[in-house]
Structures are given as structure tokens and as C-alpha cells.
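For the sequence shown, position 626 (counting from the first letter as 1) is numbered 625 according to numbering that gives the first Met the number 0, and the numbering increases by one without interruption.
Backbone N, C-alpha and C define an ideal beta-carbon position, used for all residues, glycine too.
Beneath this line is the structure, given in C-alpha cells, with notes to follow.
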Amino acid sequence: MTKRLCRASLLAALLAMIAACAANPGKPDSRIVAEGSRARLVLMETTDLHSNIRSYDYYKLAADPSLGLERTTTLIRQARAEFPNTLLFDAGDTIQGTALADYQALVNPPDCKHKLAIYTVMDALGYDGGTIGNHEFNYGLPFLAQVTGQNMNVEGVSAQPCKGPDFPLVLANVFSARDGNPLYAPTGWIDRDLEFVDADGKAGMTRIRIGLIGFAPPPITLWDRRNLEGKVLTRGVVESARQFLPALRSQDVDLVVALSHGGLDASPYSDTMENANWYLSQEPGIDALMLGHSHAVFPDPDNPKSRFADMPRVDNQRGFVNGKPAVMGSFWGKGLGLIELGLVFRAGHWQIDADATHSEVRMIRNADGSFVEPDAEVARLVEDVHQATIDYVGTPIGDSDFAMTTYFTAVGDVSAIQPINMAQRAYVEAYVDSNFPQLSEVPVLSAAAPFKAGFGGATDFTDVAAGTLAIRNAADLYLYPNTLSAVRINGSELKAWLERSARFFNRIDPALATAQELVNRKTPSYNFDVIQGGIRYGIDISKAVGNRVVDLRFAGKPVTPDQEFILATNNYRASGGGNFLAAESSRVLFHSPDMNRDVLINWIRQEKHLHLQDHGSDRPWHFVPMKTSGPVIFRASKDTFDLARSIGLHGISRISTDESGMSTYAIELSSQP
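Now the structure itself:
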């Protein structure tokens, strides 16, 4: 099969035309296709790879077969062998997320003539197109422009053309603040050979033209304000679709596929909506959607707790949203999304037959609990940078006499959180003393969250053993390349922040005799902020969301609504991420150029020796005691029960262990301190 690619130039985008392809306005075709002919076209999708190329955990220095593009590659090759007509796309959040990604971005970046490791692999796999996710912007626009080979008319970005991926990146809703043009081509198309069968059963070959349009979450300008403020503008997903779809449709495309780094949300639409694809699917110019960002699986027909099961006009069995086929292919290389399009030739072009179409996600984990084998070629392609990353993350920075883990964060363990908070507080206190002496008497608090707390399975926990601490351990404690920020808040806002964090827990009915889950699985653990620095409070999970935090005290005294605090956090939170605080620049005391992770590394180097009593046992919150008729349960990795006892957690018992490597535990709320 052959393919021909046309992409809109930035000038063409400005004129709402695709002039770059005007030299060949007609769709190439080798023969006349009879009315009623049929074909199958499979659209494959990866999303949220987060640079998980190898099935490897750089924080544990151990293989992790539950993830990795090298295993997704096996699924891709199997699908290509199964189906004669396939295309392969990526829906963003591709270049950031592992120690290997940080090594290439921050320690030893590739020069202008070489590709990122992730793009080297994707080019070897023959990707047909992709889009840009929010985390692509984490390393700054100069780096992004270089590694994607994109000339951006943005302040501070070189115009030198560099080596990017061989496949096109389309993005329709992010624009240069300097000239108003899109940073990337908003749309493009692919001419692809298509095997078909006519009404008489005779096989043939023709061409089909697939249009592409891409989207990133509009809130990136808030989440990555340090990198993007004054440099780029965003527009709503629906508004951008309406701007660029007419010109794309005029190029005689048969179908338009939206590559949208976002999920599904049926709440009222706004042009800053993070997961606006429920509305995008209603646009008449969109035929199919390849989704991401939510780190979820869609469709997910065998999961009764799927967030999509009860969403209006969403078919979680066959993968349709408002009548359009859609897919979201998991995350970290754990799955491959497929939309199998049944096509029929009518009125001079190929159209989707919804009755012959369905979506599915094929996981690298087999039904028996084993995993598909990795593709050996992928490891060979990245061996040098893989080994260099392992060497880098092994650099020692200190030691600890206690394990820092997130297995029991949901029930009070702060061993993996307190070192982050202590490092952030020390940084902010020193900065305030030097730059804002008039605020030196204002208490400094710090907020941090468990980034890995089991969402991705039994291996998705932070587990830093006692002993020597290396860079990899700090990267395990603080997973993302956020930068440190400090905001000014009052007592009312502090309580509201803690109430937002307490959404992590389900409401518990004390009278219910059946088991109740403690943790709300729809709330990611990175939104469970634990604030330290002298506060104490209770969480009453028998109460409704927004009314759970009780007896909030600082230094032993009740916090008053107008009491002033400085809160150390990250740029994502300070810019409104997670809706913990209104995105008002007036509240920001300062944005540091230093990453939270580097702040932690430097603090450990200064402290040298960490001790449980001083650095890992300051629990600021507790559950309000209550007697429940039935068990209150939560999940963590198996073989960690002794850890709960060793760190002094009370009322914890293990109920069962399943084949996934997870155990179910119960907590006796009446015995909480």
C-alpha cells in the first residue's frame, strides 16, 4: 500500500485554504468505483504514550511488562496482518513522562539533526499522523519546535529547521500570539490505497482521501503559563473545527478524522473546556474521533464502572459518540485503539456504514494475565539512550532510613509526600526572606500529591526503598516536570483547597452493611493534595463533598477565614489546574524557574540523611472516627501489609488478593486517631 500526504501550510491556514496541496486538487484514483462497493478501513491509535518506549521502570530499574510501545508494536503488527487497509495515528502526550524523556529534554538533548527516541521508533512503525497534547509543551516551545521540526513564529524560538518525525502533526486550536497563525498545520490529508469489493463480489483497488484535524486542550495556557504566557493563544475545540473544516472538506476528502487530545464531557460547553469531544462529535464535518488525555479506555464494554457507561448519547459497547465512531486507546502503551470502519461507496465518495462499524481497544495484557511479547526491533532502536538514562538516574544524592511509598497514602501514609513538602517549603521560605521580607512572618505551607497510587495497576505506586537515594528516586517521588510556584491564600481558600482534595474519597454511609469503596476511582491521585507545614484537620467522609473538612487548625489554633498563608505548590496548580484555586495572577507570589523535582533533589543533597521521625511521619489529617455496619475497603499492591503496620497505621486488615497483583484492604474507621 502507498500513501500520499498533504499538509496545510501556516499561510494556507491563515487564508483558510490548503494551498500547499493546490497543485493536485483532484483526488487521485486508478479506476471508477461502482456505487455500492464496500471496504473495511481500520484506524489504529496510540495515545498518552508519555515516552514509555521500553517496558521498563526507570525509577525501580526493573522491567515492567504492563506498559511500553515495544509491546503495543506487537499489536500494531498483528492488526496490519489481520486487516488489508490500516492507518496508524497518535493522539498526543507523546514526548514527556519518563526519565528517558527528561534525560533527552533536560540532560542531553538531541542536536538539530537527530530525532527524539520516541519519534525514531514511531517513524520505524510508519505512523500516518499525530497531534500535540498538553504535555508536549512542558519542556518549552524552543525544545518542542526543534524536536517536532516545526517552524514557529514565536518569541525565543529559532527559525532553524530541525529534524522532526516523518509523519505530520496537525493542530487547529493553538496559535502564535505574534501573528495569529496556527503553531502547526491545522489540517492535512492522506491519499491511501484501498482494497474494496464491488456489488458483484469482485475485488479492486482504488484511492481514499482521509482528512485530519488536530486539537489540544485549550487550558494549556493556564497549565503551562510559564512556557506559554504571551506567546501562544488557544481557541475552543468546536470553534476551531468550524474555522478549518470547510477548507479541508473542499479538498474532496472522503472522511475526516479528528485527532483530539481530550476526553468526553457532556457538561455545558465552553471554549476553554478540557474534554470537549462530546461536542466536537456533533460537528457535521467530523466522521471519526481518536481521543486521549483522560488515560482511559473507550469503548470499555466489560467495565460496569466505566465513566462512559451512563454518558448521554454515548455507546460504550460499540464505541460511538453522538453517532460517530470514536476510540481512546488507554495510556503508556498499555493498549491499541482500533476503529474498524465499514465503508460503502455512495454519491461519488466513500462513506461510513455505521451498522458495519465498531471500535475496540486491544490491550497488551492477555486474558490470562500474561502480556504480549515486545517487538525486539524497538529495543534495538533506543538501546543507547536507554542505557544512558539508566546511568543518569543512578546518580546518588543522599540516603534515607525509611521507605517512601504511596501504597497507603489514601489512609494517611505521608512518607512519599513529606520530603516533597519539606523541600518546597524550604525553597519558598528562603525566597520570601530574600525577596519579600515584608511577608517573612506569613506562614509557609506546602502542597504535594501522590502521583502514582495504583491507578495503572499493581506496579503503579511509588516505592523508594530505605538506603541510598539517587536521582531516579526523586523522579519517582515527583513524576512530572512542573516548576515550583508560590501563591497567597487565606484561611477560607485553604479550607476550600482541602475540600477539593477530599473529593478523592467516596461518601460513606455508616448504616450500609455491604462493602463500600473508600477511594473515588474517578478522581486521580494527583488531585489528592496533602498540605503540610503546621496544619491539622479531620476529614468526615460521611458528609457530602464540600463539607468534609473539620477542625482545621494551624499551630494548634483554629484557622480563621481571613488568616494569611503562603502555599508552595507547582505551576499547574497556581495556574488553576485541578480547580483548586481560581486562575488569578494576583494570587501568585512568584513562579520559580526551578522544577519541583530539582528543588527536591537539591534539598536531599543538602539534608544528606533522611529520618522517618523528622522527614516522613508528619500526618496532617485524619478520618473523623465513625462506626460502620459494613467494611470500608481500598486497594493496594499485595505483600505490603507489613508496611502498613511498620509505619503505624491503625485498623488496617487485608481481605483478599487477586491475580492482578492487587490486594483489597479494609480500614476500621472507628479506630482512627
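By a C-beta neighbour count over all protein chains shown, 10 Å radius and 16 as the cutoff for buried, is E34 buried or exposed? exposed
Opposite A387 in the DSSP bridges: which residues? None; A387 has no bridge partner.
Is there contact between the region 309-321 and the region 237-246, where contact requires at least three CB pairs shorter than 8 Å? no
Using a 10 Å radius around the Cβ and a threshold of 16 neighbouring Cβ atoms, would you call Q531 buried or exposed? buried
List the residues that DSSP assigns as beta-bridge partners of G128. F88
For the alpha helix (DSSP H) holding H614, just list the boundary residues, first then last. 611-614
Let me know if I507 comes out buried or exposed under the rule of 16 or more other beta-carbons within 10 Å of its beta-carbon. buried
Scan the region 255-279 and note each continuous beta strand (DSSP E) run of 3 residues or more that stays entirely inside, going in chain order. none
If I measure Cβ to Cβ from L193 and keep anything under 6 Å in the same chain, skipping five residues before and after, which residues do I get? A38, N84, T205, I207
Compare the C-alpha of A448 against each of V41, D475, G466 and name the closest. D475
With DSSP as the reference, label S645 as helix, strand or coil. helix
So, do the region 461-473 and the region 387-405 have three or more beta carbon pairs nearer to each other than 8 Å? yes
What does DSSP give as the partner residue(s) for L168 in the beta ladder? G129
Using a Cβ-Cβ cut-off of 7 Å (strictly less than) and excluding sequence neighbours within five positions of E658, which residues of its own chain qualify? G368
Indicate whether A257 and G328 have their beta-carbon atoms separated by less than 9 Å. no
For V196, the first and last residue of its enclosing beta strand (DSSP E): 186-196
Give every residue of the same chain whose Cβ lies closer than 6 Å to the Cβ of P86, excluding the five residues on either side of it in the sequence, and list them in chain order. The sequence given here places Leu at residue 86; Pro does not occur at that position. Around L86: L42, D127.
With distances taken from CA atoms, which of V231, R191, I209, D89 is nearest V156? V231
Can you tell me where the beta strand (DSSP E) with R550 in it begins and where it stops? Rather than Arg, the amino acid found at residue 550 in this sequence is Asp. Element bounds for D550: 548-553.
Determine, using beta carbons only, whether L444 and T627 come nearer to each other than 9 Å. no
What does the alpha-carbon distance come out to for the pair L227 and I94? 17 Å
Taking the beta carbon of L60 as the centre, do at least 16 other beta carbons fall within 10 Å, making it buried, or is it exposed? exposed
Beta-carbon separation (whole angstroms), I75 vs L290, contact threshold 8 Å: With 8 Å as the limit, I75 and L290 do not qualify as a contact, their Cβ atoms being about 18 Å apart.
Taking CB distances under 9 Å as the criterion, tell me whether A387 reaches chain B. Absent here is chain B; the protein component of the structure consists of one chain.
Is the Cβ-Cβ distance between Y479 and R596 less than 9 Å? yes
In three-state terms, what does DSSP make of F330? coil
Neighbour-count burial assignment, P267, 16 or more Cβ in a 10 Å radius: exposed
Cβ pair I52, I117 closer than 9 Å: yes
Could you give the residue range of the beta strand (DSSP E) that holds I632? 631-636
Spatial neighbours of V196 within its chain, please: CB distance less than 6 Å, with the 5 preceding and 5 following residues excluded, ordered by chain position. R37, A202
DSSP beta-bridge partners of Y664: F633, R653
Cβ neighbour criterion (16 or more within 10 Å) applied to L48: buried
Is F243 helix, strand or coil when you go by DSSP? helix
Using the Cβ count rule (16 or more neighbours within 10 Å means buried), how would you classify G261? buried
Which two residues bound the contiguous beta strand (DSSP E) that contains D676? No answer is possible for residue 676: it lies beyond the span of the chain, which begins at 0 and ends at 672.
Mapping the DSSP letters down to three states, classify K323 as helix, strand or coil. strand
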